[in-house]
Every structure is written in structure tokens, then in C-alpha cells.
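Asker:
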Amino acid sequence: MTGAYGTVYKARDLHNGGQIVAMKKVKVALTEDGIPLSTLREIALLRQLEAYRHPNIVRLLDVCHGGQSLERDQQLVLFLVFEHVDQDLESFLKRSQTPLSQRTIRSMSYDILSGIDFLHSHRIVHRDLKPHNLLVTAAGR
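Residue 114 in full-length UniProt numbering sits at position 114 of the sequence shown, and the numbers go up by one each step.
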């Protein structure tokens, strides 16, 4: 996972009442010892954050693996299952018919900074903050 950003798919969790989720498919290059320690640490860290449930941090719901490429190219395919959020900030801004009000900009900025502050208070640096990775609910939060 370190330095490996994956593809995100919208999916339905059939084991959880058909809840819509976001599944991030990540390919992890295996080492001689198996799954890299950095990958295990990142997953453990995401799991630990669940105890806090910050309103501006997307929740990790599950981690699954699909080992179909294990033998062929020494990669493990992981699926990180997150709560689904309606759209990213980039799409939200493109779809907006009118300029955002100062109040909306302040509110969204506060939410973003609150999430970043939460991560930093837990010694986590996101490393890939950009409008495409900032998610916005249907309510604009």
C-alpha cells in the first residue's frame, strides 16, 4: 500500500443488507517474507482509527484479499472496503451550477481541516490530498 494507490469501485455489500460501499483494489508487491510490514502497519492503523469515528474521515469497514495474481507476478490483491460517500470534491465543484457561497466554502474548509487535524493528532500524514480524494456527501459536507 505504501506508494500504491488503487482503483476504487462502487459495490454492494451482500453480507450487510445490500449497503453501498466503496471498494479500493490495491496490488501489493510481496517480499521474501510475504506481505510488506509497511502494508500491515497501514491496515492496522486504519483499523485503529475506527475507534474514534471522526465525521470527516471515511470509515474502513473491512479488508479482503483476492490472491489470483499471487503466483503469477508476486503481488497480492487487497480490497479495502470503505463507507461510500456520494462524490469527490472535484466532481462536486464541476457539477455546481453557481459559485459556492462564502459560508459553504468556510464550512467545507473547516471540515477538511478538521479531518486533517484529526489525522495529524494520530501521527498520520495523508500524502495524497487533492480534490479527487476529498469526498463530499449529498448534503455538501
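Even glycine gets a Cβ: it sits at the ideal position worked out from N, Cα and C.
Taking the CB atoms as reference points, tell me whether R12 and V21 lie closer together than 9 Å.
Answerer: Taking 9 Å as the Cβ cut-off, R12 and V21 qualify as a contacting pair.
Asker: Take D111 as the anchor and find which of A139, Q97, K10, N16 has the nearest alpha-carbon.
Answerer: Checked all of A139, Q97, K10, N16; the closest Cα to D111 is A139.
Asker: Can you check which of these residues, R141, E83, S38, is closest to K106 by C-alpha distance?
Answerer: Strictly speaking, residue 106 in this sequence is Arg, with Lys absent from that position. Selected option, being the one with the closest Cα: R141.
Asker: Under DSSP, the beta strand (DSSP E) around I20 begins and ends at which residues?
Answerer: Unbroken beta strand (DSSP E) run through I20: 19-29.
Asker: Given 8 Å as the limit, is there contact between the region 80-99 and the region 129-136, that is, 3 or more CB pairs closer than that?
Answerer: Touching, yes, given that three or more Cβ pairs across the two stretches are closer than 8 Å.
Asker: Tell me the DSSP bridge mates of G66?
Answerer: V77.
Asker: Using the beta-carbon count (16 or more within 10 Å), is L70 buried or exposed?
Answerer: Low confidence applies to L70: its pLDDT is 49, below 50, so where it sits in the model is not reliable, and the reading given next is rough at best. Flag for L70 reads exposed.
Asker: How should T98 be labelled, buried or exposed, when 16 other C-beta atoms within 10 angstroms of its C-beta is the threshold for buried?
Answerer: With fewer than 16 Cβ atoms within 10 Å of its Cβ, T98 is classed as exposed.
Asker: Do L61 and H122 count as a contact pair if the criterion is CB distance below 9 Å?
Answerer: Result no, Cβ atoms of H122 and L61 do not sit closer than 9 Å.
Asker: From this set, L119, E32, T104, R41, which residue's C-alpha is nearest V136's C-alpha?
Answerer: Looking at the Cα atoms, T104 is the closest of the given residues.
Asker: Alpha carbon to alpha carbon, what distance is there between H65 and V77?
Answerer: C-alpha separation (whole angstroms): 6 Å.
Asker: Do L80 and V63 have their C-beta atoms within less than 9 Å of each other?
Answerer: Cβ distance < 9 Å, so L80 and V63 count as in contact.
Asker: Which stretch, first to last residue, makes up the beta strand (DSSP E) that contains R12?
Answerer: 7-13 is the extent of the beta strand (DSSP E) around R12.
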